[in-house]
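Colleague: Before I ask anything, let me first share the structure, which is written out below as structure tokens.
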Amino acid sequence: MIYADNAATTKMSEAAIHTMVSLLNETWGNPSSLYEHGQKAKEVLEKAREEVAAAIGAEPREIVFTSGGSEADNQAILSAAALGKKNGKIHIISSAFEHHAVLHTLNKLEKEGYEVTLLDVHENGLIVPEEVEEAIREDTCLVTIMTANNEIGTIQPIREIGAICRKKNVLFHTDAVQAIAHIPVNVADDHIDMLSASAHKFHGPKGVGFLSARKGIRLTNLIEGGAQERGRRAGTENVPGIAAMTAALKETCGKMAENAEHLTKLRNMLIEGLKEIPHSALNGDAERRLPGNVNFCFEGIEGESLLLLLDDRGIQASSGSACTSGSLDPSHVLLAIGRVHDVAHGSLRLSLGEDTTEEDVRYMIRSVKEVVEYLRGFSPIWRDLMSGKKEFIL
Amino acid sequence: MALYSEKVMDHFRNPRNVGVIEDANGIGEVGNAKCGDIMKMYLKIEDGIVKDVKFETFGCGSAIASSSMATELIMGQPVSEVRKLTNKAVAEALDGLPDYKMHCSVLAEEAIRSALEDYQKRTGEIIE
Numbered sequence: 180m181i182y183a184d185n186a187a188t189t190k191m192s193e194a195a196i197h198t199m200v201s202l203l204n205e206t207w208g209n210p211s212s213l214y215e216h217g218q219k220a221k222e223v224l225e226k227a228r229e230e231v232a233a234a235i236g237a238e239p240r241e242i243v244f245t246s247g248g249s250e251a252d253n254q255a256i257l258s259a260a261a262l263g264k265k266n267g268k269i270h271i272i273s274s275a276f277e278h279h280a281v282l283h284t285l286n287k288l289e290k291e292g293y294e295v296t297l298l299d300v301h302e303n304g305l306i307v308p309e310e311v312e313e314a315i316r317e318d319t320c321l322v323t324i325m326t327a328n329n330e331i332g333t334i335q336p337i338r339e340i341g342a343i344c345r346k347k348n349v350l351f352h353t354d355a356v357q358a359i360a361h362i363p364v365n366v367a368d369d370h371i372d373m374l375s376a377s378a379h380k381f382h383g384p385k386g387v388g389f390l391s392a393r394k395g396i397r398l399t400n401l402i403e404g405g406a407q408e409r410g411r412r413a414g415t416e417n418v419p420g421i422a423a424m425t426a427a428l429k430e431t432c433g434k435m436a437e438n439a440e441h442l443t444k445l446r447n448m449l450i451e452g453l454k455e456i457p458h459s460a461l462n463g464d465a466e467r468r469l470p471g472n473v474n475f476c477f478e479g480i481e482g483e484s485l486l487l488l489l490d491d492r493g494i495q496a497s498s499g500s501a502c503t504s505g506s507l508d509p510s511h512v513l514l515a516i517g518r519v520h521d522v523a524h525g526s527l528r529l530s531l532g533e534d535t536t537e538e539d540v541r542y543m544i545r546s547v548k549e550v551v552e553y554l555r556g557f558s559p560i561w562r563d564l565m566s567g568k569k570e571f572i573l
Numbered sequence: 013m014a015l016y017s018e019k020v021m022d023h024f025r026n027p028r029n030v031g032v033i034e035d036a037n038g039i040g041e042v043g044n045a046k047c048g049d050i051m052k053m054y055l056k057i058e059d060g061i062v063k064d065v066k067f068e069t070f071g072c073g074s075a076i077a078s079s080s081m082a083t084e085l086i087m088g089q090p091v092s093e094v095r096k097l098t099n100k101a102v103a104e105a106l107d108g109l110p111d112y113k114m115h116c117s118v119l120a121e122e123a124i125r126s127a128l129e130d131y132q133k134r135t136g137e138i139i140e
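Sequences listed follow chains A and Z, in order.
Letter by letter, the first sequence follows residues 180 to 573 of our numbering.
Letter by letter, the second sequence follows residues 13 to 140 of our numbering.
Structure, rendered in structure tokens:
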């Protein structure tokens, strides 16, 4: 079996599992309790906070543990919006291909009277920093741009965007869910005010993540209750999950350069191989993309049938086709980079992990070629394209 | 639980009656690329009987399986029966489809209906 869906989730590392199990067995006290068993859990929690902060260049008190990336995105955006409104600032800048945790939160704010500008991500899937600067208005309260896109892996110029926001005195949030532990991110160097991350994207457990919020930024509570997380997120802390996330973060960050080198090599090999398929196209910039991300469109076929046949061959991947999104429209990310519906339905994302080998890549290239050719063999669109009745898009 | 029934997966993996009938006397194409599903049915009708049927489909697993099952259901059948084929019959023969995939069986019904209409237009025959 070849697992090529690491952008969806990753396998928990042994260190993370070990940490989690030992805490579940031994340190299961409530960190808010005053006796030693509780205080031990508190110690684990605060140690985790220090280590998470250190991994991204933040201060421990700036880290709020959450249930994952979506919660962190919601909290960051709603907090900035609430702070803005106090000063009459109701304009938010984002991009057309953000994660739905961001886009749907922005939709909600629009209904409440906020104004949202979604920047063009261009054909290469990259934001142009100058366009961020041009979009900033007197009443802009937030710029929220993802560090790396979850579907096509393009890495945004967040340091430049951060510097612009700092200069203009506008809060900058970045959804770094796909980036943390895979590429260097540092909230101080990159001028990031708020950052969202999720453990299961870097070999930690599901259901845990964090929001880093620069001190002085008053966060809006999404969950009211006790005074946990300095009153910014109520509910007894998920200590085993948080500690396991931290173990995974440390381990994966420790191997970041090595993994990136290995994955970039495999990624480029896979891209070169898949490019040989006629009437196909790589989605997103070829260079400025996550080390393990490959995303292609193949004309004349539909993504779900491609995935099912790859699954039969032991390859687990994903697609941005409508049939896999559960809606009638294909991926908003592919539409945002200008892919028309007809070809966006025929997309394939292969997201490699540190266990992926060269042999796996060769097998994937061979399998994708065969399956695409097979499906084209009885596709009425392909027949029309080949006979000249329809014009090729790719 | 798997996404699809074993029947769906069988028809998806080993689609029956795939291809083109060069001398078809009824051809129907439904769906559009924008929505991600296109089905094309080729019928060869002789003496009021479907002598041969073939399909081409651009679409998801259940679209391919629905096309395949629909061709099996109408092969060798009198056209008077074929015109009664419903999407429900296609879905049931596949041991069911997920709710959000029922439209694939509708597409199969429509593709056959469209091919029958084409046959009527070409031959002037009225199907009772």
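Cβ coordinates follow ideal geometry from the N, Cα and C atoms, glycine included.
Being a predicted model, the structure only gives us computed values, none of them experimental.
Would you call the stretch 376-395 of chain A and the stretch 426-435 of chain A in contact, with 3 or more CB pairs under 8 angstroms?
Modeller: With a cut-off of 8 angstroms, the stretch 426-435 of chain A and the stretch 376-395 of chain A count as touching, because enough Cβ pairs lie within range.
Colleague: What is the residue span of the beta strand (DSSP E) that A375 of chain A lies within?
Modeller: Ala is not the amino acid found at residue 375 of chain A; the sequence shown has Ser there. Here the beta strand (DSSP E) through S375 of chain A covers 373-377.
Colleague: Buried or exposed for R411 of chain A, please, with buried defined as at least 16 other CB atoms from any protein chain shown within 10 angstroms of its CB.
Modeller: By the neighbour-count rule (16 or more Cβ atoms within 10 Å), R411 of chain A is buried.
Colleague: Going by CA-CA distance only, name the one from A:I324, A:K346, A:D508, A:V281 that's closest to V300 of chain A.
Modeller: Among A:I324, A:K346, A:D508, A:V281, the Cα nearest to that of V300 of chain A belongs to A:I324.
Colleague: Check the Cβ-Cβ distances between A105 of chain Z and every residue of chain A, and say whether any is below 8 angstroms.
Modeller: False, the Cβ-Cβ gap to chain A never drops below 8 angstroms.
Colleague: Would I480 of chain A and L554 of chain A be called neighbours here (beta carbons separated by less than 8 angstroms)?
Modeller: Taking 8 angstroms as the Cβ cut-off, I480 of chain A and L554 of chain A qualify as a contacting pair.
Colleague: Check each residue of the stretch 514-545 of chain A: if its Cβ is closer than 7 angstroms to any Cβ of chain D, include it; give the result in chain order.
Modeller: No chain D appears in this structure, whose protein chains are A and Z.
Colleague: In terms of residues, what are the limits of the beta strand (DSSP E) holding V231 of chain A?
Modeller: Counting along the chain, V231 of chain A falls outside any beta strand (DSSP E), though it belongs to the alpha helix (DSSP H) covering 215-235.
Colleague: Using DSSP's beta-bridge definition, name the partner residues of Q495 of chain A.
Modeller: In the DSSP output, where bridge partners are listed per residue, Q495 of chain A has A:Y182.
Colleague: Could you list which residues in chain Z have their beta carbon closer than 8 angstroms to that of A501 of chain A, in chain order?
Modeller: Ordered by position in chain Z, the residues that pass the 8 angstroms Cβ test against A501 of chain A are C47, G48.
Colleague: Comparing alpha-carbon positions, which option in A:R338, A:L442, A:V231 lies nearest A183 of chain A?
Modeller: It is A:L442.
Colleague: Whole angstroms are fine: how far does the CA of G43 of chain Z sit from the CA of A82 of chain Z?
Modeller: Computed Cα separation, rounded: 16 angstroms.
Colleague: Rounding to the nearest angstrom, what Cα-Cα distance links A358 of chain A and R240 of chain A in this structure?
Modeller: Each residue's Cα considered, the two are about 22 angstroms apart.
Colleague: Express the C-alpha separation of N462 of chain A and K444 of chain A in angstroms, rounding to a whole number.
Modeller: The alpha-carbon atoms of K444 of chain A and N462 of chain A are separated by roughly 18 angstroms.
Colleague: Quick check for students: name the residue ranges of the beta strand (DSSP E) that lie wholly in the stretch 420-491 of chain A, counting only runs of 3 or more.
Modeller: The qualifying runs are 459-461, 472-477.
Colleague: Return no unless some Cβ of chain A is closer than 8 angstroms to the Cβ of I33 of chain Z.
Modeller: I33 of chain Z does not count as touching chain A.
Colleague: Compute the beta-carbon to beta-carbon distance between V91 of chain Z and I124 of chain Z, rounded to the nearest angstrom, for a pair I have assumed lies under 8 angstroms.
Modeller: Wrong, their Cβ atoms sit about 10 angstroms apart, outside the cutoff.
Colleague: Is S459 of chain A close to chain Z, meaning its C-beta is less than 8 angstroms from at least one C-beta of that chain?
Modeller: No - not a single Cβ of chain Z is within 8 angstroms of the one on S459 of chain A.
Colleague: Just grab the DSSP bridge partners of E68 of chain Z for me.
Modeller: BP columns for E68 of chain Z point to Z:K52.
Colleague: Chain Z beta carbons: is any one of them nearer than 8 angstroms to that of R562 of chain A?
Modeller: Yes, contact with chain Z.
Colleague: Could you give the first and the last residue of the continuous beta strand (DSSP E) run that contains H283 of chain A?
Modeller: No beta strand (DSSP E) holds H283 of chain A; the alpha helix (DSSP H) holding it covers 279-290.
Colleague: To which residues does DSSP link G244 of chain A through a beta bridge?
Modeller: In the sequence as displayed, the identity of residue 244 of chain A is Phe instead of Gly. Paired residue(s): A:F389.
Colleague: Going straight from the alpha carbon of V307 of chain A to that of I337 of chain A, what length do you get?
Modeller: Using only the alpha carbons, I get a separation of about 10 angstroms.
Colleague: According to DSSP, is C116 of chain Z part of a helix, a strand, or is it coil?
Modeller: Helix.
Colleague: Look at the alpha carbon of K66 of chain Z and the alpha carbon of V295 of chain A, and state the distance between them as a whole number of angstroms.
Modeller: C-alpha separation (whole angstroms): 51 angstroms.
Colleague: Taking just the CA atoms, how far does E205 of chain A sit from Y112 of chain Z?
Modeller: So the two alpha carbons sit approximately 46 angstroms from each other.
Colleague: Write down every uninterrupted run of the alpha helix (DSSP H) in the stretch 501-540 of chain A whose length is 4 residues or greater and which is fully enclosed by it, in chain order.
Modeller: With a minimum length of 4 residues, the continuous alpha helix (DSSP H) runs that stay inside the stretch 501-540 of chain A are 501-504, 511-515, 520-523.
Colleague: Please list the partners that P509 of chain A has in chain Z, where partner means a Cβ-to-Cβ separation under 8 angstroms.
Modeller: Correct list: G48.
Colleague: With C-beta atoms as the reference, is S211 of chain A less than 8 angstroms away from G405 of chain A?
Modeller: Yes, these two residues count as a Cβ contact at 8 angstroms.
Colleague: For a cutoff of 8 angstroms on Cβ pairs, would you count S566 of chain A as touching chain Z?
Modeller: With 8 angstroms as the cut-off, S566 of chain A does not count as an interface residue toward chain Z.
Colleague: Nearest CA to the CA of G263 of chain A: which residue from A:F351, A:A195, A:T245, A:E229?
Modeller: The candidate whose alpha carbon is nearest that of G263 of chain A is A:F351.
Colleague: Helix, strand or coil for T415 of chain A? Go by DSSP, reduced to three states.
Modeller: In this structure, T415 of chain A counts as coil in the three-state DSSP scheme.
Colleague: Answer yes or no: the CB of L527 of chain A versus the heavy atoms of the ligand SAH, is any distance below 7 angstroms?
Modeller: With respect to the ligand SAH, the structure shown offers nothing to examine, as it has no ligands at all.
Colleague: When you compare the CB positions of V311 of chain A and I256 of chain A, do they come within less than 8 angstroms of one another, or not?
Modeller: Going by C-beta atoms, V311 of chain A is not nearer than 8 angstroms to I256 of chain A.
Colleague: Kindly indicate which three-state DSSP category E58 of chain Z falls into: helix, strand or coil?
Modeller: It is a strand residue.
Colleague: Would you mind giving the Cβ-Cβ distance between N472 of chain A and A186 of chain A, rounded to the nearest angstrom? I have them listed as a contact below 8 angstroms.
Modeller: Confirmed, Cβ separation roughly 6 angstroms.
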